[in-house]
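So for the sequence shown, UniProt numbering puts the first residue at 1; every next one is plus one.
Positions of the beta carbon are idealized from the N, C-alpha and C atoms, including for glycine.
Read through the structure below, which is laid out as structure tokens, and then see the notes.
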Amino acid sequence: PCLMQLCSPVTEKTGKVLGEFCRCYKEQYGVALFNSVRYEIEGNGGPQAQLLHRKVPLEDHVIYSGNLFQYIEENKKWRNRFCVVPHNYGLILYENKLAYDRDLPPRVLVNSAGYKILTSVDRYLELVNSSLPGVTPKSGHSPILKCPTDFPLILWHPYARHYYFCVMTGKEQEKWRAVFQDCVRHCNNGISEDSKVEAPAFTDAVRMYRQSKEQYGTWDMLCGNEIQVLSNLVMEELLPELRTTIGPRLKGKAQERQRTWIQISDAVYRIVYEQTKAQYDAAMAKCEQERPQMESTIRTDMDQIITSKEHLASKIRAFVLPKAEVCVRNHVQPYISSILEALMTPTSQGFAEVREVFFKEVTDMNMNIVNEGGLEKLVEYMEKLSHLAFHPVKMQSCYEKMDQLKLEGLQQRFDVSSTSVFKQRAQIHMRQQMDDAMYTFETLLHQELGKLQGKDDLCKSIQRILERVLKKYDYDSSTVRKKFFREALLQITIPFLLKKLAPTCKGELAKFQELIFEDFASFILVENTYEEVVLQSVMKDIMQAVKEAAVQRKHNLYRDSMVMHNSDPNLHLLGEGIPIDWGEEYSGQPEAEPAADKRRRAKQVVSVIQDDEGVLPYEVGTEALLQPSSPELQEPEEPDPGAPPSSPDGVEEIRKALAKENLGDGVEAEERLTNGASVQHTSLASPKPRADVPSEARVPHATPASPAPGAEIPSPSAGTACHQPSDKETGEEVAPRGSECSPPQPTGTTESSEGLQTEF
């Protein structure tokens with residue numbers, strides 16, 4: 001089907017959904033603004049954090065970079081790609097390492113919000129088969145995707161384009177999987193919590209809109225930034241309609257119909273995204289324009305607004321509370337302790353693992369400093385340990401604890417579609433607590449360095465500071481977990497209560513509207529006040545359950561009565577200083593480094609993969625970028641519609657290479673794997689730097705127990721200029737389908753033989 005036939009209904013549906021949403025958003029904006037100003041005036045902060053918080057965690061760093069194979073759908077070939085994961089967690093794919101070194105435009109920019117990372121082709125095929133009911137390839141027929149190795153990495157999205165990668169070893173697969181999962185985790189959390197008005201207004205508007213459609217409970221696709229979330233909201237309603245109208249009209253074999261459907265879904269998603277961005281930006285601009293006048297009214301009439309809201313709440317409470325309390329007593333209260341226990345066990349284990357990893361890494365560093373030398377070794381280790389929280393592989397043992405989270409029967413009872421929302425939230429807290437602990441440790445250690453005399457003093461000081469930081473971590477992690485448990489319990493029970501009470505309460509709410517003064521109608525909503533009353537009906541039971549759980553020592557929670565006050569009164573002043581750069585401060589270079597050189601010398605959090613079995617066949621030489629005959633630079637042949645999805649050449653080339661026992665000696669095999677591009681042979685035993693990772697991004701593997709003796713961070717060559725993407729460069733690949741009604745393309749795109757790449 002031509003996209004032109006889809007443009008009109010897609011545009012109409014998108015406009016309708018966004019019209020309703022923007023009305024909800026405007027209402028919630030006034031309420032959120034009032035709550036923000038009231039909080040600012042009254043203040044009601046919780047316990048003060050004992051650990052310091054780093055303002056810019058990954059400045060001048062990349063998470064990881066390396067080579068892998070990508071399947072290119074347009075020409076049905078597997079190609080080498082050099083992938084860089086910068087500080088903003090976008091996936092950026094370059095033609096090869098040399099293209100990255102030369103600051104050439106990337107081939108693909110992927111924002112991984114909403115994606116699932118799959119390491120099984122069979123699991124991927126299950127999801128594809130379920131996306132288009134009634135279309136399943138017969139056994140024995142070629143599936144939609146063939147992977148040439150046993151180590152695939154597939155990025156699957158319910159609406160957007162899928163991305164297919166593979167690597168050569170299980171070790172690589174595990175490392176890339178951890179890196180990709182960190183990207184998804186970070187990008188899913190795309191709505192900034194620093195915004196005290198826009199963020200709550202947006203999330204409440206999404207919730208109110210979905211509840212108006214009788215959709216209660218958690219929502220898996222509340223992922224990414226505001227535009228992505230709204231696009232998912234539209235697609236949730238639009239896609240079933242398209243599947244019903246378009247599905248029966250798809251022609252060809254089952255695999256071709258599946259592939260066509262994925263392309264249609266992706267194209268529609270992009271049309272929706274562009275229209276959503278325009279309408280949401282316009283709604284935001286209008287609210288921002290009205291904000292000064294609204295804020296002035298709030299500050300002037302704060303007391304009257306609060307009085308009016310309390311009067312409204314008392315009337316709604318008298319009507320709703322008796323019904324809500326019965327519902328809580330019969331349907332919620334008996335299950336609170338079970339839900340809490342299911343949440344607490346894996347979460348507490350995860351935070352305990354964070355503590356253990358932190359303790360082990362610092363202790364190993366201290367032992368190695370005793371054995372190898374003083375300040376010089378300390379600087380080398382601290383450069384690596386400083387960003388331990390952002391090392392996906394080292395943090396994986398912490399994150400994996402949340403995989404045990406199972407709500408079982410409770411999940412169906414309370415209409416929780418998935419536990420992934422709670423898993424990812426807990427994992428983000430773990431990463432934040434690890435970084436806070438490490439930042440506090442390095443700040444205290446940095447302060448002590450000038451007072452120390454010799455190696456023995458240094459080691460004793462490290463041990464003493466470690467013990468101080470662990471005490472602070474125990475207190476802060478207890479506070480964070482208790483807050484997480486309360487929020488999770490509310491997130492599970494409140495939608496359930498609202499759904500139960502809706503038949504008897506929701507229809508009667510309109511009569512309370514007359515109790516709100518017209519001047520205050522922008523700041524007080526009946527629906528929000530009703531939900532606050534429902535929340536109050538269950539909040540006492542939740543608080544009591546968490547309080548009782550804190551008494552159980554197995555969860556390592558502090559009681560609410562345990563409060564640490566100003567244990568280090570000057571510590572937070574230290575955190576306001578200039579960020580510590582161990583390499584620069586103790587390198588002996590008196591002159592400040594130019595900004596351009598500093599950007600090129602971006603350090604890498606995750607070390608390169610060292611495979612003892614031989615050289616991995618990814619390295620691409622200088623000639624690859626310049627060689628006219630290279631298939632990477634040639635225009636692709638028109639794909640045969642009847643051809644299998646994976647070219648026999650691409651699959652067989654890699655399979656033959658895998659059959660070689662010694663990849664390092666098989667020059668011909670390496671040439672096939674790199675599609676004719678010349679290969680730079682690098683011996684892993686050689687002290688020379690690896691060719692698959694830029695020198696300015698390379699850092700020795702952060703394992704303090706066995707450091708590389710005399711390891712140094714190589715300085716970049718004068719001509720090297722690595723591409724450091726901005727925060728905007730985390731978009732997805734756009735591959736136009738040749739339709740006249742394809743969405744307009746933003747500026748700043750780069751054209752390649754695989755289609756037009758742009759940013760989302």
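- Scanning its chain for C-beta atoms nearer than 6 Å, with the 5 sequence neighbours on each side dropped, one finds around TYR159 the residues MET235, SER265, TYR269, in chain order.
- Counting other Cβ atoms within 10 Å of its Cβ, ASP103 stays below 16 and is therefore classed as exposed.
- Distance between GLN48 and ASP476, taken at the CA atoms: about 9 Å.
- For GLY66, the enclosing beta strand (DSSP E) begins and ends at 61-72.
- If you look at PHE520, you'll find it isn't in any alpha helix (DSSP H); DSSP assigns it neither H nor E.
- Looking only at LEU489, ARG291, MET221, ARG299, the smallest Cα-Cα distance to VAL332 is reached by LEU489.
- Looking at the DSSP output, CYS166 sits in a beta bridge with PHE69, PRO152.
- Comparing alpha carbon positions, the residue from LEU250, THR345, CYS24, PRO105 closest to GLU198 is CYS24.
- Between the segment 211-218 and the segment 242-254, the count of Cβ pairs shorter than 8 Å is below three; the stretches do not touch.
- For PHE414, there is no enclosing beta strand (DSSP E), as DSSP gives it neither H nor E.
- The beta carbon of LEU501 sits closer than 8 Å to the beta carbons of VAL320, LYS323, ALA324, CYS327, VAL534 from its chain, once the five residues preceding and following it are set aside; these are given in chain order.
- VAL605 carries a coil assignment under DSSP once its states are collapsed to helix, strand and coil.
- LEU98 and ARG79 have their alpha carbons spaced roughly 15 Å apart.
- Residue burial is scored here from C-beta neighbours: MET367 has fewer than 16 other C-beta atoms within 10 angstroms and is therefore classed as exposed.
- Distance from LEU405 to ILE339 at the Cβ level is roughly 11 Å; contact not present, criterion being Cβ atoms closer than 8 Å.
- ARG81 carries a strand assignment under DSSP once its states are collapsed to helix, strand and coil.
- For LYS483 and CYS187, the gap between their C-alpha atoms comes out near 23 Å.
- In summary, ASN371 is exposed, with fewer than 16 beta-carbon neighbours lying within 10 Å of its beta-carbon over all protein chains present.
- With contacts defined as CB atoms closer than 8 Å, LEU470 and ILE369 fail to qualify as a contacting pair.
- Close CB contacts of ALA545 within its chain, under the 7 Å cut and outside five residues either way in sequence, are with ILE336, SER337, LEU340 (chain order).
- When the five nearest sequence neighbours on each side are left out, the beta carbons in the same chain lying within less than 6 Å of the beta carbon of TYR29 are those of ALA201, CYS287, in order along the chain.
- For VAL128, the enclosing alpha helix (DSSP H) covers residues 121-131.
- Distances from the alpha-carbon of VAL37 to those of GLU442, ARG299, CYS166, SER417 put ARG299 closest.
- Shortest Cα-Cα distance from PRO392 to any of GLY373, PHE422, ARG317, MET430 involves MET430.
- In the structure shown, ILE428 falls within a helical segment according to DSSP collapsed to helix, strand and coil.
- The segment 49-56 and the segment 217-226 do not touch, with fewer than 3 CB-CB distances between them shorter than 8 Å.
- THR297 and ARG329 have their C-alpha atoms spaced approximately 41 Å apart.
- With a cutoff of 8 Å on beta-carbon distance, GLN424 and ARG185 are scored as near each other.
- Contact between the segment 342-357 and the segment 51-68 is absent, with fewer than three C-beta pairs closer than 8 Å.
- The C-alpha of PHE520 is placed about 35 Å away from the C-alpha of PHE414.
- Between ILE63 and TYR39, the C-beta gap is not smaller than 8 Å, which leaves the two residues out of contact.
- Here ILE516 carries a coil assignment [DSSP, helix/strand/coil].
- Contact annotation: the segment 8-22 touches the segment 275-292, with at least three C-beta pairs closer than 8 Å.
- If the five residues before and after GLU226 are omitted, its C-beta is found closer than 7 Å to the C-beta atoms of ILE191, PHE202, TYR280, all from its own chain and listed in chain order.
- Contiguous alpha helix (DSSP H) elements confined to the segment 261-334 occur at 302-327, taking only those with 4 or more residues.
- LEU118 and TYR124 have their C-alpha atoms spaced approximately 7 Å apart.
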